[in-house]
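Protein chains in written order, with the working numbering: chain Z, 2 to 505; chain E, 2 to 520.
For reference, the structure is listed below as structure tokens.
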């Protein structure tokens, strides 16, 4: 892209129209079309027909999934714009993840937004825009593309986080997320500019080559630290996590789920691209940094989660701890080949299913109790046994108890770390082991409330679960169960490989 | 040769039929309690039927070989296989599991503990059954691990929902303790995978590590082996439980509903000791020799500590729970000797303890139901009030204290004897000291069990219950108990029933250890 600009500046030969592979861009184009339709339809739909909007958004996401599948069947790696935009297996797997997770988010939002006196059209428009940013992120292999994708997915998310504008907590959520986000973006941009300065290119594969050879100069180290810090915010790794609990609590619950799954996954996607392609020759700088981030996130996330009395806040801290587990394979990057990438992608897929599921149950229960306090889950097993069983599945999956999917996610992370066979790696594995035990305590605490304690105030009216939430529960529960006992999650993770990692 | 259909499907059907039953029950409304009872019973009986067919078809003249092997790829990317099979070590434990769970369902037939809800209770039992059977047939470490963990959730809920007053504390304590062990265990499994030639299949790992050159891998240094064994020691040891990790057990046993205690004592504890013999010893024999003296020491501490703790108990169920700590100490002592004799004694101890202590918990449950208390000093004169139950309690207590002629004797006595002559590489003096201490433990065992029997069954009923009508043994209880009582007697007079099955396989394990240390 920059090459194009410089060619223009020199004026020799004039503007060359880049070749566009329409098939490769089809998922993004479909989604762009749908989000425009949603915005326009909102203008013309009468108030009582606004219910069509979520259906439209949901169908649009599924429609965008079709070209992803055709591209997967086609199987060829495609590269555009001088290698800044790549559609490879990795991109396809994470795009499918973003689309399906986005679809579940729409299902979760349907009743919440319709019943809560919120602006509907804009909500879905922003949600789809953010998902579009994520799709772009999956393919971005250039600093500029990564940055554009990041802004495209973040800015709508800032707005969505503050969507409950009449609630002070909602305002706090939006403001905190926005301010912290902008700060992180600033840090990231500084890091990127240093990278460009050192490598003389914005393309990740060029940066990878540019950082190769010779000892690490402070500028490189600084650039890497800043870039990782910038995305550490997105994945809510300690010590860049401070926004997460307040934002999660104040944002509309579907958006909380969206932030804790899709947005976090997008952060990991960018991090993987940067670290594995861009910093491929500097693993000595990345590894200790990731080791510390991972161990801190796991431990602090867990310890603070233990003390939460609000389920959403607890899930926020548990998400921080889960992010620590996902970072762990990055702490041995370069020592275990492709396993860093495959284990993190596997983890992301499984984490998305189980975490979205847990949030869906929270939303269903909150429709009756109007609360997300742990105590409000009391007696759930007596008056809504299916919800209680499903919530138990999701929670114990998050805790990593076989045969639920979570164990496999934790297992691949353990496997990647132990494969490195160094003292530091084993130390990290032990930290992970201890943390998975601590985590059980707070997950089981909710299970205890549901199964073993009476309903608060003896209120045993049944919970009415609307169709859309039922569908979201069915999808997430199916994945949580199936991923745990089949090889599909690991195969998807294994399939996800970069073109660039085999040199292009 | 084994029957073809049973070879292909026997073990799989046996393991998963209970889970299939659980799925069916999910679809039946909660109010149809009778349907739930029957579906669950049919599911476990069908599983047991297939299991019995498999055991009948098992070639008992080559018990050292894995039979009914099914070896299919499962999760390719991590190299985990669906590898199941049974040999002489699995057979008695599978048989025990197939026997106990149907009896538990029959026992619960008419009196589910509060808060009732047979649907959930029975579904959890069925899932538990799948997990336990799966553990005993799995020959791949990951498959083994998954089944080993599957039992946690149902047991957590059984204790936490249907248990006694302190149930929530006991349930989470059980869960956290065992999970901590498992987390370290999985690290060990993964480390084994990478040092042992990238496989999770237990026999292959054992072969690779004993003959690294033939497998084309580097020899695993002893220090590494010892560390890896340590992770497994935590995983299995907490489950057994070995002193000082036993503290979850008295709480869990005391608080669990009757059926939960029975299954915990009869089967779940065996997962730990089974793990030692199935996984830890064959794969890491050299490390086992290094660890054996310490395991032996903890085992005899457990024997004495458990026995002393029993003497201090005022609650009948808690007393039985501590007696488990003591009895499992004998099993661990047998394992720690690393001889064929000791291992045989250990497996016999597992079976005997399973039946006898399971039976004691059944009795405790029935006493609790009639007297609404298990406080020993409030009971008394059971023999007057309910003579049949009193006699059964006496019979089982005698079996538990190791009276010759009953099953308990064959678990305890050979274990003590085996310590006289421990395996190659172990200090004879140390183990003879253990032997003497363990022998003292049997005296204590006689003490606490006879004392328990005397205080609860002899004499006259306390004033409190003098005029109360106490029902004697009832039909579901008879059905549940008779098979166990008969087995206690049969194994007692003909212990070869078990030894004959286990001997060849365990001898080969012991030989692996002996050859690894050049003995």
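Note that CB positions come from ideal geometry on N, CA and C, so glycine has one too.
Taking a cut-off of 8 angstroms for Cβ pairs, the segment 509-520 of chain E and the segment 101-121 of chain E do not touch, as fewer than three such pairs fall below it. The segment 234-282 of chain E is shown to contain no whole beta strand (DSSP E) run of 3 or more residues. With contacts defined by Cβ atoms closer than 8 angstroms, residue 347 of chain Z and residue 491 of chain Z form a contacting pair. Exclusion of the five residues before and after residue 60 of chain Z leaves no residue of its chain whose Cβ lies closer than 6 angstroms to its Cβ.
The segment 153-223 of chain Z contains no complete beta strand (DSSP E) run of 3 or more residues.
Per DSSP, the continuous beta strand (DSSP E) segment holding residue 80 of chain Z begins and ends at 79-81. For residue 72 of chain E, the enclosing beta strand (DSSP E) covers residues 68-76. The continuous alpha helix (DSSP H) containing residue 305 of chain E extends over residues 286-312.
According to the DSSP assignment, residue 417 of chain E belongs to the alpha helix (DSSP H) that extends over 408-419. Neighbours of residue 438 of chain Z in chain E, taken as residues at a C-beta separation under 8 angstroms, are given in chain order as 177, 180, 181 and 184.
Cβ neighbours of residue 314 of chain Z within its own chain (closer than 7 angstroms, five residues either side excluded): 246, 249 and 250. In the DSSP assignment, residue 450 of chain Z is bridged to no other residue. Of the residues E/423, E/428, E/391 and E/462, the one whose Cα lies closest to the Cα of residue 474 of chain E is E/391. In this model, residue 499 of chain E and residue 20 of chain E are separated by some 28 angstroms (Cα to Cα).
Under the DSSP assignment, residue 157 of chain E falls in the alpha helix (DSSP H) whose first and last residues are 153-163. Against chain E, a Cβ distance below 7 angstroms from residue 491 of chain Z picks out 76, 78 and 79.
Shown here, residue 3 of chain E sits in coil according to DSSP, grouped into three states, outside any helix or strand.
Contact annotation: residue 236 of chain Z and residue 333 of chain Z have beta-carbon atoms that are not nearer than 8 angstroms. In the DSSP assignment, residue 202 of chain E is bridged to E/141.
The bridge partners DSSP lists for residue 87 of chain E are E/68.
For residue 143 of chain Z, there are no neighbours in chain E by C-beta distance under 8 angstroms, as the nearest C-beta there is about 30 angstroms away. Taking 8 angstroms as the threshold, the shortest C-beta distance from residue 449 of chain Z to chain E falls below it. In the three-state DSSP reduction, residue 376 of chain E falls in the strand class (E or B).
The segment 115-135 of chain E and the segment 144-164 of chain E touch, with no fewer than 3 CB-CB distances between them shorter than 8 angstroms. Here DSSP, grouped into helix, strand and coil, assigns residue 209 of chain E to helix. Under the Cβ criterion of 8 angstroms, residue 151 of chain E is counted among the residues facing chain Z.
Taking C-alpha positions only, residue 316 of chain Z is separated from residue 323 of chain Z by approximately 10 angstroms. Take the alpha-carbon of residue 34 of chain E and the one of residue 387 of chain Z: they are about 18 angstroms apart. Residue 15 of chain E is positioned such that its CB atom lies closer than 8 angstroms to that of residue 55 of chain E. Of all residues in the segment 187-205 of chain E, those with a C-beta nearer than 7 angstroms to a C-beta of chain Z are 187, 188, 191, 192 and 195, reading in chain order.
Against chain Z, a Cβ distance below 8 angstroms from residue 336 of chain E picks out nothing, because the smallest value is about 25 angstroms. Here residue 330 of chain Z is buried: its Cβ has 16 or more other Cβ atoms, across all protein chains shown, within 10 Å. Considered as a whole, the segment 285-336 of chain Z harbours no complete run of any beta strand (DSSP E) with no fewer than 3 residues. Under the three-state reduction of DSSP output, residue 374 of chain Z falls in the strand class. Taking 8 angstroms as the upper bound for CB-CB distance, residue 410 of chain Z and residue 351 of chain Z are in contact here, some 4 angstroms apart. Under the three-state reduction of DSSP, residue 9 of chain E is assigned to helix.
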